[in-house]
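Asks: In my numbering, each number is its position in the sequence shown, counted from 1, plus 109. Mind having a look at this structure? Questions to follow.
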Amino acid sequence: MAAPSPPSPARADAPRRPLRLVVAISLAALTLAAFAAVTLRLRLEPNVSSLLPERGDAAALRRYVRGFGGGDLGVVMVKGDDPDENAAVASEIARALAARPTVQRAVDRIDVSRSLDPWVAFRHADARARERLAAALSPEGMRERLAETRAMLLAPGSGAVAEAIAADPLRLSQLVFESADIGSGVRTQADGAFATDDGKVHLVLVQPAGQALRGADARAFVADANAALGPIRAAHPRLTLGLTGGHAIAAATEAMLTRDLAVSGTLSMLLASAVFALLFRRLRALAAVMPPLVLGTLWTAGLATALPGGLSAIAVAFMSVVVGVGVDTGVHVYAALLEARREGLEPEAAGRAARARTSRAVLIAAVTAAAAFGALALSDINALRQLGLLCAAGEVLTAIAIVLVTPAVGAWLERGAPPPEAAARWPDGLYRLTRTRGRALAVAGLAALPIAAVALGASPPLAEAIVAIRPAELEPLKVQQEIFDAFGGRRGQWVVLLADGDQERARARGDRIAERLASMKADVEAVDALTALAPAAPTQAERFAARDALDLPGKADELARALRDTGFAPERFSAVLDGMRAPPRQEVALSDLERGPASILLSRYLGADGGEALVALYVRPRQTGSVERIERAIREEDPNAMLTGYSRLEVSLRETLAHDMPRIGIVAGALVLLALAASLRSARDIGLAALVVASEICLVLLLIRALGIPLHAYDALVIPVLLGITVDEGMFLLHRARDIEAAGGDAVIRETLRREGPAIAATALTTAAGFSALAFCGFDGLRDLGRVGALGSAVGLVVALLVVPAGLRLWPGAHGRA
110 MAAPSPPSPA RADAPRRPLR LVVAISLAAL TLAAFAAVTL RLRLEPNVSS
160 LLPERGDAAA LRRYVRGFGG GDLGVVMVKG DDPDENAAVA SEIARALAAR
210 PTVQRAVDRI DVSRSLDPWV AFRHADARAR ERLAAALSPE GMRERLAETR
260 AMLLAPGSGA VAEAIAADPL RLSQLVFESA DIGSGVRTQA DGAFATDDGK
310 VHLVLVQPAG QALRGADARA FVADANAALG PIRAAHPRLT LGLTGGHAIA
360 AATEAMLTRD LAVSGTLSML LASAVFALLF RRLRALAAVM PPLVLGTLWT
410 AGLATALPGG LSAIAVAFMS VVVGVGVDTG VHVYAALLEA RREGLEPEAA
460 GRAARARTSR AVLIAAVTAA AAFGALALSD INALRQLGLL CAAGEVLTAI
510 AIVLVTPAVG AWLERGAPPP EAAARWPDGL YRLTRTRGRA LAVAGLAALP
560 IAAVALGASP PLAEAIVAIR PAELEPLKVQ QEIFDAFGGR RGQWVVLLAD
610 GDQERARARG DRIAERLASM KADVEAVDAL TALAPAAPTQ AERFAARDAL
660 DLPGKADELA RALRDTGFAP ERFSAVLDGM RAPPRQEVAL SDLERGPASI
710 LLSRYLGADG GEALVALYVR PRQTGSVERI ERAIREEDPN AMLTGYSRLE
760 VSLRETLAHD MPRIGIVAGA LVLLALAASL RSARDIGLAA LVVASEICLV
810 LLLIRALGIP LHAYDALVIP VLLGITVDEG MFLLHRARDI EAAGGDAVIR
860 ETLRREGPAI AATALTTAAG FSALAFCGFD GLRDLGRVGA LGSAVGLVVA
910 LLVVPAGLRL WPGAHGRA
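Structure, rendered in structure tokens:
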């Protein structure tokens, strides 16, 4: 292209100097503001609620996490082969932690047996326990129970139980508590210790100060706990000590995200720079492209500080994505600058020419990619909305920064003689693949095969998404799993969540559901509820009424006769008989529990969210077929109860994916088509670009299946975004072809590949490099997202380099046949 006659330097620069000064000052102010915001305000969100959908069971789980995650109990695991050493160390840890400022309470044992007056114990008796009590208070039942009691007293070593039997010869409290169908979620040994039967694992329960979902509180507690555990670890090297619980998980998650953000951001910059330098073969170009790229990324990070709640786990990927995709603009701008210098333009004029030639195309490409990312704002998952909005903003901001800064810096760097154009050889090999119409038809047929395969159902199946929410490598989660394994627990627990403006009413509703579920022994393995410790006042009133309906005063004489008939002296049990003739009515209140050692358990059952009291019950179903019956029972008992839990999250995530994928895909596709129409303005070119992205997306799906990459809500929803990211390669090839199409003949395809092939290879591979940096993240969801993004970028390049030349061969433009 011939160089235009430039105006004199003095006249050309005079009107631009004030504008340049304004632009420079504005950029500096914007950069300083963004830097200050990132330094002072950017925080990472360890709360998993941002990774959960906002509909269905997941919406209830979000509420549960908000209401209960803040005050979650901490747990210290003590594991070793010597039960006595384990018990002693657990007690030592409890004392050490209790002295720490970030700990409200720490206990290694607790008395939850509640050795109550047998007539008061009725307040804790659920429906099945009341049936057992009624049977025990029948004439036959009394004599049977007393015979068993006598046998116990005659056995060796019975002295320890003599006092308890004197207060409760029928052992009614045992019927209430030891055979209860509703538990308190606490498994203790006879001495009250939280330990396995063999004593090889002991637990210490810790009630931390502050909120687990506040980063500073979580970090302070974990630091305090580690300071207390450090000397004990050193003194007992044979033992394994582990810390878990809400605070520990939140602190570990935040540390993982901080590392992931730093590592992925740095690696993406290094990898993108290495790929850029390798393919572009102009190291000095990095000095012109990377600074504005850093500026655009910094501006985007500044926007991230405005996110309510902080930057979520998946949104951390924005930095790697923005860096990888943002280099694209720099490649095209700097290539145009070098081309202008080879045409004979002076450095300043070459910079202006590069900006003029590329700004429209690269900004349209950036807006196209931003539009595709912006489609993620339609997701029900807040973390994906964050990722989409930040990547969209980052695409546009980095493109603007590069268009503004790179030509000026590049002009200064390229003051010497322009480098000769280094022609790559591989474009000629690609050219030969579509040199004839027959070959072009074969390439087009191959491009259509993935589309047909996906249409026939060859897409990859959805994988488990829980690991993308709760990373398997997180140390507190490993400790949690060890505790599950040691105590015979298992995953699969459900949460029944009740919200009410009145806490007492919510507790009463929870008591009724707990009793209903406890009666479903064929479907429910265990029910864990607050009612086992402190039933609501209405529940206690109902149970005392059921006790009084048994006419205890009328049965007192029968008990005296039964005592005599089984060899006991009734006068030794006068206190029991007096209580039976005038049964006491002593209700337990939450305040009573709060004053005792069991207060540490309250945060497991009681929470608050949105001005409402929350009550949680924990249910473990026996089998998959029980789900529908349990759900029906809960709806019948309380239509407003919410059933949720991590074990039920897979269904919600799959429903969210089925809901989000079509609308995000349609919106992203429509936006990309609009951008293509605005940019290419040719039915043939639009059709070819659309074929490129359709073939690429389908091929990516097939490769995901072949490579075994887990496909879940967090990486699957990035697939539609690839429409906007990878359409650039086809667009720039078609733009270049249109510019030189008037030459006709083989020049169109050959020159398009020679001139544009290296540039789009650089852009696609730098994008893939940016995504690849996420493969080094500790968070599983980020790794999967990075693998899908890198694969899509690389596949998009290959497909574009094959399909566009084939299309140009089969459908030549108006100026000649290629």
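Using N, Cα and C, we set each Cβ at its ideal position, and we do this for glycine too.
1. Who are H311's beta bridge partners in DSSP?
2. Among residues of its own chain, excluding the 5 on either side of A360, which ones have a beta-carbon nearer than 7 Å to its beta-carbon?
3. Specify the secondary structure class of P118 as computed by DSSP and reduced to three states.
4. Could you check if A877 is buried or exposed, using at least 16 other CB atoms within 10 Å of its CB as the buried criterion?
5. Could you give the residue range of the alpha helix (DSSP H) that holds Q649?
6. Who are the Cβ neighbours of G916 in its own chain at under 6 Å, not counting the five residues just before and after it?
7. State the start and end residues of the unbroken alpha helix (DSSP H) segment that holds P730.
8. For the stretch 493 to 502 against the stretch 449 to 456, do three or more pairs of beta-carbon atoms, one drawn from each stretch, fall closer than 8 Å, so that the two count as touching?
9. Start and end of the beta strand (DSSP E) containing D637?
10. Would you identify the three-state DSSP class for L387, choosing helix, strand or coil?
11. Less than 6 Å between C-beta atoms, sequence neighbours within five positions excluded: which residues of the same chain meet that for L816?
12. Assign W603 to one of three DSSP states: helix, strand, or coil.
13. Are the stretch 868 to 877 and the stretch 376 to 384 in contact at 8 Å, needing three or more beta carbon pairs?
14. For the stretch 799 to 808 and the stretch 835 to 843, state whether three or more C-beta atom pairs, one from each stretch, are separated by less than 8 Å.
15. Between D306, A426, V514, which lies nearest to F596 when the distance is taken from Cα to Cα?
16. Please give me, in chain order, every unbroken run of the alpha helix (DSSP H) with length at least 4 that falls completely inside the stretch 673 to 754.
17. Using DSSP with H/G/I as helix, E/B as strand and the rest coil, what is A123?
18. CB L242 to CB V285, shorter than 9 Å?
19. Is the separation between the beta-carbon of L312 and that of V184 shorter than 9 Å?
20. Confirm, please, whether the CB-CB distance from L170 to A161 is below 9 Å.
21. Ignoring anything shorter than 3 residues, give me the beta strand (DSSP E) runs that lie fully in the stretch 777 to 827, in order along the chain.
22. Which runs of the alpha helix (DSSP H) fall wholly inside the stretch 448 to 499 and span at least 4 residues, in chain order?
23. Buried or exposed for L565, going by 16 or more other Cβ atoms inside 10 Å?
24. Taking buried to mean at least 16 other C-beta atoms within 10 Å of its own C-beta, is S488 buried or exposed?
25. Helix, strand or coil for G419, going by three-state DSSP, please let me know.
26. Just grab the DSSP bridge partners of T353 for me.
27. So, with DSSP's three-state summary, where would you put P162?
28. What are the boundary residues of the beta strand (DSSP E) that includes A215?
29. Which of helix, strand or coil does DSSP assign to P516?
30. Identify every residue that forms a DSSP beta bridge with L153.
31. When we look at the beta-carbon of L910 and count the other beta-carbons within 10 Å, is it buried (16 or more) or exposed?
32. Comparing alpha-carbon positions, which option in L702, A717, D718 lies nearest L711?
33. Among M689, L831, I592, whose alpha-carbon lies nearest the alpha-carbon of R896?
34. How far does the alpha helix (DSSP H) with M261 in it extend, from its first residue to its last?
35. Is it the case that the stretch 621 to 641 contacts the stretch 244 to 261, given that we only count it when at least three CB pairs across the two stretches are under 8 Å?
36. CA-CA distance, R918 and A394?
Replies: In terms of the structure at hand:
1. Note: H311 sits in a beta bridge opposite V187, A304.
2. Counting only residues of its own chain and dropping the five nearest sequence neighbours on each side, A360 has a CB closer than 7 Å to the CB of A327, R328, V331.
3. Residue placement at P118 cannot be trusted, given a pLDDT of 45 that sits under 50; what the coordinates show is reported in the next sentence. DSSP places P118 in the helix class (H, G or I) of the three-state scheme.
4. So A877 ends up on the buried side.
5. In the DSSP annotation of this structure, the continuous segment of the alpha helix (DSSP H) that includes Q649 starts and ends at 646 to 657.
6. Closer than 6 Å at Cβ, skipping near neighbours: L797.
7. Where P730 is concerned, there is no enclosing alpha helix (DSSP H), although the beta strand (DSSP E) it sits in stretches over 721 to 730.
8. Counting Cβ pairs under 8 Å, fewer than three are found: no touch.
9. Here the beta strand (DSSP E) through D637 covers 633 to 637.
10. Three-state DSSP puts L387 in a helix.
11. Apart from sequence neighbours up to five positions away, no residue of its chain approaches L816 with a beta-carbon distance below 6 Å.
12. Three-state result, W603: strand.
13. Three or more beta-carbon pairs drawn from the stretch 868 to 877 and the stretch 376 to 384 are found closer than 8 Å, and the two stretches are therefore classed as touching.
14. Yes, the stretch 799 to 808 touches the stretch 835 to 843.
15. Checked all of D306, A426, V514; the closest Cα to F596 is D306.
16. Runs of the alpha helix (DSSP H) inside the stretch 673 to 754: 683 to 690, 699 to 704, 711 to 714, 736 to 746.
17. Reliability fails at A123, whose pLDDT of 49 lies under 50, so the model's placement of it is uncertain and the value that follows must be treated cautiously. Coil at A123, not helix or strand.
18. For L242 and V285, yes; Cβs fall inside 9 Å.
19. Yes, Cβ-Cβ distance for L312 and V184 is below 9 Å.
20. In the sequence on display, residue 161 carries Leu and not Ala. Yes, the Cβ-Cβ distance between L161 and L170 is below 9 Å.
21. Counting whole runs of 3 or more residues, the stretch 777 to 827 contains no beta strand (DSSP E) stretch at all.
22. Listed in chain order, the complete alpha helix (DSSP H) runs (minimum 4 residues) inside the stretch 448 to 499 are 456 to 483.
23. L565 comes out exposed.
24. The residue is buried, with at least 16 neighbouring Cβ atoms inside 10 Å.
25. DSSP, read as helix, strand or coil, puts G419 in coil.
26. Partner(s): V184.
27. Collapsing the DSSP output to three states places P162 in a strand.
28. It spans 212 to 216 - the beta strand (DSSP E) in which A215 sits, taken as one unbroken run.
29. Three-state DSSP puts P516 in a helix.
30. Paired residue(s): L420.
31. A buried status is given to L910, since no fewer than 16 other beta-carbon atoms sit within 10 Å of its beta-carbon.
32. The option with the nearest alpha carbon to L711 is L702.
33. Of M689, L831, I592, the residue nearest in Cα terms is L831.
34. Taken as a continuous stretch (DSSP letters only), the alpha helix (DSSP H) holding M261 covers 248 to 263.
35. Proximity of the stretch 244 to 261 to the stretch 621 to 641 falls short of the contact definition, fewer than three beta-carbon pairs being nearer than 8 Å.
36. Between R918 and A394, the C-alpha separation is close to 34 Å.
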